[in-house]
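Reviewing the structure listed below.
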Amino acid sequence: MNAPFVGETLSYAHVGTTLEVTLHRSVPGATCNEIGEQTLRELEGLVAYLASGAGGARAVLFASSVPRGFCAGADLRALYEGMVARRGAGVPPVAEVRAFLDRIHAVFDALDTTPLTTVAAVHGVVFGGGFELALTCDVIVADKTARFCFPELRLGLVPGFGGIPRLARDVGNAVVRDLLFTGRSLNAQRAHQLGLVSQLVAPGEAGHVARKVAEQAARFDAATSAAGKAFAKPLPSEWLNREKDTFCALFTSPVVEAALHKFVTSTDARPYLP
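Count along the sequence shown from 1, then add 740; that gives the number in this note's numbering.
Structure, rendered in structure tokens:
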């Protein structure tokens, strides 16, 4: 196994023809692989590696080594602390938030459109930004513990990492509206029934099955696979841009700061749940 990168929040290594990316953020107070500045920087490094040829890899597999789940979404504590600090310095927070969103969208769009086949192996929590990361992948393999959720409305926001346009590409808009407006989660079985999840497997087996999917995808001509992906999975660019605009417009509301403060000060063991 060749390990081209070992970071603070994620690592990636070659296993045969597959580049395996493992999320492993371990920070005091963090819930489950939250996506903050450090994770974004390391994802940007991954995207640059993919653009350079990915060391000859033919597929990319995303998984988490954190028992609680795949990813709980954005680092809301960092978002709140930055909001408070900028307000104290008299600096409007929305410009910096927009810059972060532009960077995360650039990364997620690159993952979405890479000519390599991408597979997500998910378990447990797949919420918010973690759900959005999984939606960039061509195939999602989920074990039966996985739950998918967009809890952003309880923060006074909409998903900001491209979740709604990408989800609407995969399932009916009635499902999208249900998840968005209620904050309810889908269990893995229901996600499989809806076609969001390609394969539903026993707990602990998602990584094994996802590797088989990646190996199978690597058997075909690379240029043909890339052309098929570009045809079958168009990027909803205009809708993604409108999502960023909507997120930034909502971010200026006092409702958001109050909701983030409540989240940060919560003593609940799982404050990310609606």
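Built from N, CA and C at the ideal position, the CB exists for glycine as well.
With DSSP as the reference, identify every bridge partner of residue i, one or two as the case may be.
i: residue 887; result: 865, 927
i: residue 760; result: 753, 801
i: residue 940; result: 882
i: residue 857; result: 799
i: residue 746; result: 751
i: residue 958; result: None, per the DSSP bridge assignment.
i: residue 814; result: 775
What's the call for residue i, buried or exposed, on a 16-neighbour Cβ count within 10 Å?
i: residue 977; result: exposed
i: residue 752; result: buried
i: residue 815; result: buried
i: residue 746; result: exposed
i: residue 981; result: exposed
i: residue 974; result: exposed
i: residue 899; result: buried
i: residue 827; result: exposed
i: residue 971; result: exposed
i: residue 821; result: exposed
i: residue 1001; result: exposed
i: residue 987; result: buried
i: residue 943; result: exposed
i: residue 741; result: Because residue 741 sits at a pLDDT of 47, beneath the cut-off of 50, its placement in the model cannot be relied upon, and the following sentence gives the value as read from the coordinates. Its Cβ having fewer than 16 others within 10 Å, residue 741 is exposed.
i: residue 994; result: exposed
i: residue 959; result: exposed
i: residue 805; result: exposed
i: residue 957; result: buried
i: residue 891; result: buried
i: residue 965; result: buried
Locate the beta strand (DSSP E) running through residue i, then write down its first and last residues.
i: residue 810; result: 809-811
Out of the options, which one is the CA nearest neighbour of residue i?
i: residue 998; options: 790, 880, 895, 980; result: 895
i: residue 945; options: 864, 824, 853; result: 864
i: residue 755; options: 913, 888, 801; result: 801
i: residue 991; options: 777, 781, 761, 824; result: 824
i: residue 776; options: 787, 750, 761; result: 750
i: residue 818; options: 855, 803, 767, 782; result: 767
i: residue 748; options: 764, 759, 876; result: 764
i: residue 955; options: 856, 929, 873; result: 856
i: residue 803; options: 940, 870, 1006, 782; result: 870
i: residue 877; options: 907, 893, 897, 892; result: 907
i: residue 924; options: 964, 761, 966, 866; result: 866
i: residue 798; options: 921, 837, 961; result: 961
If you follow the alpha helix (DSSP H) that residue i is in, where does it begin and where does it stop?
i: residue 980; result: 977-991
i: residue 1001; result: 994-1005
i: residue 910; result: 903-910
i: residue 794; result: Residue 794 -> no alpha helix (DSSP H), and no H or E assigned at all.
i: residue 965; result: 962-972
i: residue 945; result: Looking at the DSSP string, residue 945 is not in any alpha helix (DSSP H), and its letter there is neither H nor E.
i: residue 913; result: 913-922
Check your understanding: Quick one: any contact between the region 854-863 and the region 949-958, if contact means 3 or more CB pairs under 8 Å?
Key -> yes
**Study point:** Stretch pair the region 827-842 + the region 790-799: three plus CB contacts closer than 8 Å
**Key:** no
Practice item. Determine, using beta-carbon pairs with one atom in the region 902-921 and one in the region 833-852, whether at least three such pairs fall under 8 Å. Key: yes
Review point. Between the region 836-846 and the region 911-925, are three or more C-beta pairs nearer than 8 Å?
Key: no
**Study point:** Meets three-Cβ-pair contact criterion under 8 Å: the region 872-892 and the region 935-943
**Key:** yes
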